[in-house]
Each structure stands twice: as structure tokens, then as C-alpha cells.
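S.K.: Please read through the structure below; I'll follow up with questions.
In my numbering, the protein residues as written are 95 to 555.
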């Protein structure tokens, strides 16, 4: 099963809306302006107008910003420059280098005592840890971030952070906590009239319910997302909504409807020149036609998808395409082609340590060699598959232990907060009733303490 990407709202630049580039660049070049004004102008120009669309130009201008800020000993400029550098290198997949920049920005922002900028750094640090697969570090920094955002009453920031925490819990396999955080995101998005946030969250909820096998709920959220996103100007997200509906419809065996939605998505993605989105949708069309038993058509879709992934260098997706092609040839009894494709999948998945995909490729090779009568090779891949199965079980056990530890921490936090709340209530009660309760107050407090201890014991069991 292929998992669609969750909608991530992690990276934060100075602003998300494009600003007149000529105006900002003119301010930057005007040496009569104060340093801070010039720094703000060029930083906004970099982050709002070119950091994602033209990273080379962004890097060149950011070099100028860094040198200027270093020369002027301006910490604000250095913080902005480090944050921009982090985003630039992260788009190249260098998340560790991005972390180095972000930690520097965080230290500067702490010195400046700029809480909003501190929250920005924390959020971006969480993103990098998430990208590196260090999910607990991601949660640690997101928790620090959300605490500041709540203090500042930054509800838009909270929308972003709760969403990202939901995604991290999703990656950890903790569906309950993921849903809890997505629902917090949804509630705040609706309160703020943030339609994009609402649409994003419904998509993420659709995917998590899909993973749980609750297809009716998944479809309900996917359709809600579509209705919201039809009314905002974001074609990429709209295409994603159609894709998710197609994905759920495929699982529900409603193939005609799935095909219709995939084609709507594909049309938009081609229109906006989203190469990765096109490749993903072609892959899903391959899965759909394979599910219907039209293996020749599926092979065409997978080959088109493979070509696109190869241009982008996305190794996991390349390995996945080879596996799907191998499966199609296996079902067509073309064992030589099945072996070639699944062997390519096995080699790449082994290289990138994707053990689940590696196991699937071994299973394909086992079946293909068995059908060809190559018993020794079939036995070899069967042994590899069994070994990988044990590794997967071990990994799943580790994930469950991690999940239990996270739940234990959250339970401890909740109990501590509840105990504090009760103590505060009792303290308030003491102030109000001390004069006429006298010694009876001591008995009441003692009884409360016994109740809390018993409650804790019961819960911890």
C-alpha cells in the first residue's frame, strides 16, 4: 500500500505572502535608510518572493544580507540570514546543515528576547528533526514552540504546530494522539476562518482514517476538504484533495469514481507544472489499473511515473515503481521481466534501508524464481524475506515501546496538571472557608490526598 503525503505546514519564512519585489529591493539598496529597515526589506524579499522559486538568487542575496549584518554586528539580520540559509539547504535535502543554521538563529533570538522569532526557530528545528526521522526531538521542539504560541495568543502559529505534531504522532503510529492534534488544528482553523488550514486538516484526517481502514470516515473528511478548497486559490491543494478522494475510492472498490478524481487531479497538476504531483498521480493510476487487472495499462502508468521519479532522484519512489512493475509482470507470467524489475527494487530499497519494500521485492523474486523452477534462488530470497520479516517485527516492537513511553509521559503531565488544579481549588477553598471550617479543613485536605493517590494507583495499573 502506498501512503500519500500528509499536508505539512512546517517551514516558516518571514512571510508567506508575496510582496512587491522591486519595492523591497529598492529599500535594501537605499543606503540612507536605517540598517534595520534595509534588513527587514531584503529578508522579506528573499523569503516571500524567491526562496522557493529561485533558490540560487535567494542564496546570493542572503549572502549579501549575512555579510552586511556581520559587518554591522546586527543580530536581527544574522538571525534572518541563518533562517533563510536553513530553508535553502533544506530544499536540497541537507537537513543536518539546516539544523546547524537554525540553532544559530535560535541562540540569537534568545539573546534578542524575541519570542515570536524564537517560536519560528523552534518550529523549523522541529521540521528538520522530523525530516531526519528523529520524531521525539521533533515533538520536543514543537512542544516548546506551542507553549510560546499559546503565551503570545498566536492562533495561526498554533494551527501550524498542532498540525505538525499530529503528523509526527502519525509517523510514530500513535493514531489517537495524531487525531487529537488534528482536531485541535481543525477547531482553531474554523475559529480563525482559516480555510486553507481546515482543508489541510481534513486531508490529514482522511489519510489517518484510511490507514485505520475506516474508509467511510476517510471519504467524509476528503470530501469536506474538497468543498473547502474549491473556494480558495490554491490549485496544488485542490489537486491533492481530488487525489485523496481517488485514493479512498480505490480502497472502496469504486474504481470509476477513483479514476475520475485522479484524472481531475492530474489535469490540475499538469496545468501548474507540478512534476512530483504528476508522478505521484500516475503511480496511483498504475495501482488503480493494476487492481482492476489491466496490467498492460498499469505498466504504462508505472513506467511514466518511474521516468519522472528518476529525473527527481527520489530513490524510494523509484524502488516502489520497480516493485509494482515486477508485480505486474509476475501476474502476466512474464517471469524474466518480473525478476529484472524486482531485482532493481531490491537493490535500491536495500541501499536506502527501506526494509518493508526490500521484503516485498524479495517475495516477488521468490515467486518469480519458483515459477521458473530456479529452486536455489527461490530458497535464497525466501530466506532473505524471512530475515527481513523478523527485522520488521523488531522495528514495530520498538515503535510500540516508543508510543507507550510517549503516552506515559502525556499521562504523567495530565495527572500533574490535575493535581495542581485540585490543590489550587483546595487553596481557594481554604481562603474562603478557613474561619468557619476550622479543624475540619485538615480532614478534607487529607482525604483529598488519599483520593489522588488511589486514583493514580488505579490508572497506573
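All C-beta atoms in this analysis are idealised placements derived from N, C-alpha and C, irrespective of residue type, glycine included.
For residue 298, which of 217, 172 and 272 has the nearest alpha-carbon?
M.R.: Locating residue 298 in the chain shown gives position 204, where the first residue counts as 1. Each of 217, 172 and 272 was checked against the Cα of residue 298, and the nearest Cα belongs to 272.
S.K.: Residue 179 and residue 195 - do their beta-carbons sit closer together than 8 angstroms?
M.R.: Locating residue 195 in the chain shown gives position 101, counting from the first residue. Locating residue 179 in the chain shown gives position 85, counting from the first residue. A contact, by the Cβ cut-off of 8 angstroms.
S.K.: Measure the C-alpha to C-alpha separation of residue 122 and residue 140 and round it to an integer number of angstroms.
M.R.: Residue 122 sits at position 28 when you count from the first residue of the chain shown. Residue 140 sits at position 46 when you count from the first residue of the chain shown. Residue 122 and residue 140: Cα-Cα distance of roughly 11 angstroms.
S.K.: Just to confirm my understanding: we take residue 291, look at its own chain, exclude 5 residues before and 5 after, and list those with CB closer than 6 angstroms. What are they?
M.R.: On the chain shown, residue 291 is found 197 positions in, with the first residue counted as 1. Answer for residue 291: 253 and 283, listed in chain order.
S.K.: Tell me whether residue 274 sits in a helix, a strand or coil according to DSSP, three-state version.
M.R.: Within the chain shown, the letter at position 180 stands for residue 274. Looking at residue 274 - three-state DSSP - the assignment turns out to be helix.
S.K.: To test your reading of the DSSP string, which unbroken alpha helix (DSSP H) runs of 4 or more residues are found completely within the stretch 247-329?
M.R.: 249-265, 269-286, 289-305 and 309-323
S.K.: Is the CB-CB distance between residue 320 and residue 339 below 8 angstroms?
M.R.: Within the chain shown, the letter at position 226 stands for residue 320. Within the chain shown, the letter at position 245 stands for residue 339. By the CB criterion at 8 angstroms, residue 320 and residue 339 fall inside the cutoff.
S.K.: State the start and end residues of the unbroken alpha helix (DSSP H) segment that holds residue 154.
M.R.: Along the chain shown, read from residue 1 onward, the residue named residue 154 stands at position 60. First-last of the alpha helix (DSSP H) with residue 154: 149-166.
S.K.: Looking at residue 189 and residue 225, is the spacing between their C-beta atoms short of 8 angstroms?
M.R.: Taking the chain shown and counting its residues from 1, one reaches residue 225 at position 131. Taking the chain shown and counting its residues from 1, one reaches residue 189 at position 95. Residue 189 sits close to residue 225, with the two beta carbons spaced by under 8 angstroms.
S.K.: Taking 8 angstroms as the limit between beta carbons, can you name the residues of its chain near residue 275, skipping five residues before and five after?
M.R.: Sequence index remark: in the chain shown, residue 275 carries index 181 (1-based). Here the set comprises 256, 257, 259, 260 and 263.
S.K.: Starting from the C-beta of residue 393, find all residues in its chain whose C-beta is less than 7 angstroms away, skip the five residues before and the five after it, and write them out in chain order.
M.R.: By one-based count along the chain shown, residue 393 stands at place 299. The residues 419 and 422, in chain order, have a CB closer than 7 angstroms to that of residue 393 in the same chain once the five nearest residues on each side in sequence are set aside.
S.K.: Tell me, please, whether the stretch 440-458 touches the stretch 397-417 by the rule of three or more beta-carbon pairs shorter than 8 angstroms.
M.R.: yes
S.K.: Would you mind stating whether residue 169 and residue 202 have Cβ atoms separated by less than 8 angstroms?
M.R.: Locating residue 169 in the chain shown gives position 75, counting from the first residue. Locating residue 202 in the chain shown gives position 108, counting from the first residue. In contact: residue 169 and residue 202 (Cβ atoms closer than 8 angstroms).
S.K.: Let me know the secondary structure DSSP gives residue 438 once reduced to three states.
M.R.: Residue numbering aside, residue 438 sits at position 344 when the chain shown is read from its first letter. Reduced to three states, the DSSP call for residue 438 is helix.
S.K.: Rounded to whole angstroms, what's the CA-CA distance from residue 454 to residue 396? Just pull it up for me.
M.R.: Within the chain shown, the letter at position 360 stands for residue 454. Within the chain shown, the letter at position 302 stands for residue 396. If I take the Cα positions, the gap works out to 17 angstroms.
S.K.: Assign residue 484 to one of two classes, buried (16 or more other C-beta atoms within 10 Å of its C-beta) or exposed (fewer than that).
M.R.: Here residue 484 is taken as the residue at index 390 of the chain shown, counted from 1. Exposed, by the Cβ-count rule.
S.K.: What does the alpha-carbon distance come out to for the pair residue 356 and residue 368?
M.R.: If you number the chain shown from 1, residue 356 lands on position 262. If you number the chain shown from 1, residue 368 lands on position 274. Distance between the alpha carbons of residue 356 and residue 368: 14 angstroms.
S.K.: Between residue 479 and residue 280, what straight-line distance do the alpha-carbon atoms span, to the nearest angstrom?
M.R.: Taking the first residue of the chain shown as 1, we reach residue 479 at position 385. Taking the first residue of the chain shown as 1, we reach residue 280 at position 186. Going from the Cα of residue 479 to the Cα of residue 280 covers about 42 angstroms.
S.K.: Tell me whether the beta-carbon of residue 380 lies closer than 8 angstroms to the beta-carbon of residue 333.
M.R.: Position 286 of the chain shown holds residue 380. Position 239 of the chain shown holds residue 333. Cβ distance not < 8 angstroms, so residue 380 and residue 333 don't count as in contact.
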